[in-house]
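Residue numbers (my numbering): 32 to 480. Where a beta carbon is used, it is the ideal one built from N, C-alpha and C, also for glycine.
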């Protein structure tokens, strides 16, 4: 990939000569591959190379953002002229500007972000992997009667940032992902489910056979689902679902939601919002983290930030703009694309592991629900009220029994968090950059028959 640090720095210098107050230039270039196989046949095969350059300039409190995918000298010069024209007619906002200069820099610890070996995996091998996944899933059980698609995708990405406060940085990442969705049928009733494996390093992916068989197992186990009556019961939430709750907390604590008064966590810093067993951390400096990076989209040095500690909300998560609105320092969580300005996003976000064995958590439940999926958009982030479709398995006398379907899980997110009475020891980032161990919620409301 081309090194765009000189180009970014030259553009910054050009704007400074034009008398702007501040400027940053953000460049992203990437190569992408994606293939989907269904019933042994290739349904999609895509390979692309893309690049884009975005520029933000600030003058008199006003901001202008322009971007292009054409890196020719003529196009870039035209973009500079357009940005200057736009900023002259833009409305000022005293909260606009770059991140504080003293926070700029790159994390200098070791980060494993780039896999050189990805380039040696041929398109033919990627297609073969997708076919192997699907074949393993279809052979797993006679009740598997179809596939909804088996996919391989990968991305190689380079990010370059330069600004008028002297920051210039660049890093590269890779990511590869395998996924499969299977369909099972019994007595005329069909169920679907999926599984996946993603990592920055090909060698850390699960085998195609393992992904295929897990997708099939998850589809088959949903057959024979029953309804249950509406009631309040304990709920066990495994890692793949508990991570959704962690993500909701992060979203509610994001600076944009807070200064807009659109969050149930407004004015909650320093107060108990969860059980003392709950600690939530976002750490962009985990050596092999799936979302680790040396700096954020504004050049703020990456760090480890504790969002919730022992149930107490410790901070809001801010980029430079929302930080100024709230009169707090940015936390290094600015995400960005070349065609848009910064906004808050998570990196390696997780709920800290506890000491409970996940199996023992289930054994301790006399009657309740083991939740395997939540779906729908039933979360009100202003109030924290939640009502989502759910699926899972009924627990009786500490044993997972029959599948449960056509139910809803309802309550208030703060109440659910305060009702966490056990945290599992099974934290893992194998399922993504947002992670959680198994959680036991002592009481939640189920809507059923």
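query: Cβ pair residue 196, residue 125 closer than 8 Å; result: no
query: Expected contact under 8 Å - CB spacing of residue 161 and residue 122 to nearest Å; result: Going by Cβ atoms, the distance from residue 161 to residue 122 rounds to 50 Å, so no, they are not a contact pair.
query: Start-to-end residues for the beta strand (DSSP E) that takes in residue 434; result: 430-443
query: Best match in 149, 174 and 378 for proximity to residue 235 [C-alpha to C-alpha]; result: 149
query: Span separating the alpha-carbon of residue 99 from that of residue 84; result: 5 Å
query: Three CB pairs or more closer than 8 Å across the segment 456-471 and the segment 379-398; result: yes
query: Exposure label - residue 482; buried when at least 16 CB within 10 Å; result: In the structure displayed, the chain extends from 32 to 480; residue 482 sits before or after that span and is not available.
query: In chain order, each alpha helix (DSSP H) run of at least 4 residues that lies wholly inside the segment 339-367; result: 351-357
query: Three-state secondary structure assigned by DSSP to residue 82; result: strand
query: Classification of residue 220 by the beta-carbon crowding that lies within 10 angstroms, buried from 16 upward; result: exposed
query: 8 Å Cβ cutoff met for residue 367 and residue 102; result: no
query: Top-ranked residue by Cα proximity to residue 119, from 353, 90, 134 and 172; result: 90
query: Length of the line joining the Cα atoms of residue 67 and residue 181; result: 5 Å
query: Cutoff 7 Å; reference residue 431; Cβ partners in own chain excluding five residues on either side; result: 393, 401 and 424
query: Same chain only: Cβ atoms within 6 Å of residue 134, ignoring 5 sequence neighbours per side; result: 331
query: Pick from 261, 281 and 152 that is closest to residue 310, judged by C-alpha positions; result: 281
query: Of the residues 50, 80 and 337, the one placed nearest residue 493, counting alpha carbons only; result: Since the first and last residues shown for the chain are 32 and 480, residue 493 lies out of range.
query: Segment contact, 8 Å Cβ cut-off, at least three pairs: the segment 163-180 with the segment 212-226; result: yes
query: Residues bridged to residue 221 (per DSSP); result: 216
query: For residue 335, the residue or residues it bridges with in DSSP; result: 314
query: The segment 305-324 touching the segment 338-346, judged by at least three CB pairs closer than 8 Å; result: yes
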